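Only one structure is covered here, and it is reproduced in the block below.
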Amino acid sequence: MPRRRMVPISEEIIDEAIKIGERIGIPYLVLVEKILSSVLRIMQHKGNILDVLSMVDALDDIKRLGGILFPASMVNRSLIDFKNESFQLLCNEYIKMCTWFGELSRIKRSATVNEFKSVLALWLPIASIDVSHNNNDYKFVIGFLGYSPEVVSLARCIIEGLIRGYNLNMTEIIVKDFFIVIKVRGFVEE
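What follows is the structure, encoded as structure tokens:
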């Protein structure tokens, strides 16, 4: 049996652990140890546990909105074969879904620059994303090297929906073959 140490933890946290432990049928000491063990294991790979928890919460929201994971290579291939009318239906669906997601995320996690960049990375996992601040605007450069222009077009729909849902103001958008540049205002930091 491993050696144990006493660690001071506030009564409020212990009370919360007892309630949760009773609800799920695990003694609170076991629950606290499992939580710490899991968090430490995650932190070995990802340094900021708050980012990880936020990402998990966001993925759960996407699932509730009807979103699914789909291999990037298949998305690329499928979008090339889409007819214009079908592509527009898909784009409209993404705008609607991302608007709902953005509204929910804005309420839960606020509209910060880091939150928005994390959400872009979640919705556009194949993209490289760089952010800079210039006067009143935050400039996002989102690159899609090696993907079709159709992927970039769909990414534009996703970005527009997220901006609408987070209640941000897009002052400029430039869409090229392999990248999108947007200038955005309205973050909490301003």
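Note that the working numbering gives residue 162 to position 162 of the sequence shown, counting from 1, and the numbers run on in steps of one.
Think of the CB as a built atom: it goes at the ideal place given N, C-alpha and C, for glycine as much as any other residue.
Just so we're clear, the structure is a prediction, and the values are computed from it rather than from any experiment.
Can residue i and residue j be called in contact, C-beta distance under 8 Å?
i	j	result
D51	S118	yes
A127	G143	yes
V56	A111	no
Y28	I9	no
V192	I49	Because the chain here runs from 1 to 190, residue 192 falls outside it and cannot be looked at.
Starting from residue i and walking both ways along the alpha helix (DSSP H), at which residues does that stretch end?
i	result
Y138	First-last for Y138: D137 to G143, but that is the beta strand (DSSP E), not the alpha helix (DSSP H).
I80	A72 to D81
V131	Note, V131: premise wrong, no alpha helix (DSSP H); beta strand (DSSP E) at S128 to N134.
Do you know whose CA, among the options, lies nearest residue i's CA?
i	options	result
K63	W123, R164 and I163	W123
V113	S153, N169 and I95	N169
S153	V141, S110 and F178	F178
L79	E22, E150 and R3	E150
W100	N84, F87, L65 and E115	L65
R4	E33, E16, G25 and I26	E33
Y166	I95, I173 and V141	I95
When the Cα atoms are used, what is the spatial distance from residue i to residue j?
i	j	result
V7	I35	14 Å
V181	G102	19 Å
G67	A58	11 Å
L162	L31	36 Å
I18	S37	18 Å
R109	P125	20 Å
E12	E22	15 Å
R41	G47	10 Å
S132	A121	16 Å
L69	E93	16 Å
L90	T171	25 Å
Given the structure, does residue i come close to the ligand ADP, in the sense that its CB is under 7 Å from one of the ligand's heavy atoms?
i	result
S86	Looking for the ligand ADP in the displayed structure turns up nothing, as the structure carries no ligands at all.
Taking the beta strand (DSSP E) that residue i falls in, what are its first and last residues?
i	result
F179	F179 to R185
I68	Here I68 belongs to no beta strand (DSSP E), and DSSP marks it neither H nor E.
T171	N169 to V175
Decide yes or no for the touch test of the stretch 130-137 against the stretch 153-166: beta carbon pairs closer than 8 Å, at least 3 of them. no
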